[in-house]
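For reference, the structure discussed in these notes is given below.
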């Protein structure tokens, strides 16, 4: 299975600032995904990041708030912009592994906004 | 409409015993996949097992097996010979195969293994 890393693993940020989260995969993958997990909640998909095209956002998530880059088949970034305490969550990237439908997740970025 | 339902917010099991975590799903698609993930307190999501809608055999991975009952739309996770390290949140998820790679998650079940 793909090995996925994320940076930073955790951060504490002040409201109004922005944080960029990096996701690196050890193999080329077509589809990468960004999820949010608010405290005590389940995971919700923010967007699908495909190389060479604009990210596709889910209902309730907009590009101005969560801009995503996907410069190549092994890397993606998610920026959380103009943060508020409600953005305090774990942010996870995931990839679909090759021809199988199995999805693997990175270790997550635990964000606290004060 | 909620597509994945996990009705057990919390479960307890004695070490070395088996435990079943319930999951029901709702979809009108014929092609879909069902997943189980484990999330320890560290926050990482660990892939456990996958079942495709056309798979005739129940999926197994070591101590994990998926009891797939298509007509009842259930995909329960069975963990055999529970270990203390199995204590974690467990999430059931579904992927409708023609809706991109989006996973829809249930609310999770917190499993506690007692020594």
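Residue numbers (my numbering), protein chains in the order written: chain A, 70 to 183; chain B, 4 to 118.
Glycine included, C-beta positions come from ideal geometry on N, C-alpha and C.
All values derive from a computational prediction rather than experimental measurement.
| Check | Outcome |
| --- | --- |
| Residue 162 of chain A lies in the beta strand (DSSP E); which residues open and close that run? | 158-165 |
| Pick from B:55, B:76, B:19: whose alpha carbon is nearest that of residue 29 of chain B? | B:76 |
| Is residue 111 of chain B closer than 9 Å to residue 120 of chain B when the C-beta atoms are compared? | No statement about residue 120 of chain B is possible, as the shown extent of chain B runs from 4 to 118 and does not include it. |
| Could you name the residues of chain A that residue 171 of chain B contacts, counting a contact when the two beta carbons are closer than 9 Å? | This structure gives no information on residue 171 of chain B, because the portion of chain B shown stretches from 4 to 118. |
| Using three-state DSSP, classify residue 37 of chain B as helix, strand or coil. | strand |
| Answer yes or no: do residue 135 of chain A and residue 115 of chain A have a C-beta to C-beta separation smaller than 9 Å? | yes |
| What is the rounded straight-line gap between the Cα of residue 97 of chain A and the Cα of residue 54 of chain B? | 24 Å |
| Please report the residue range of the beta strand (DSSP E) in which residue 145 of chain A lies. | 144-149 |
| Is residue 35 of chain B closer than 9 Å to residue 100 of chain B when the C-beta atoms are compared? | yes |
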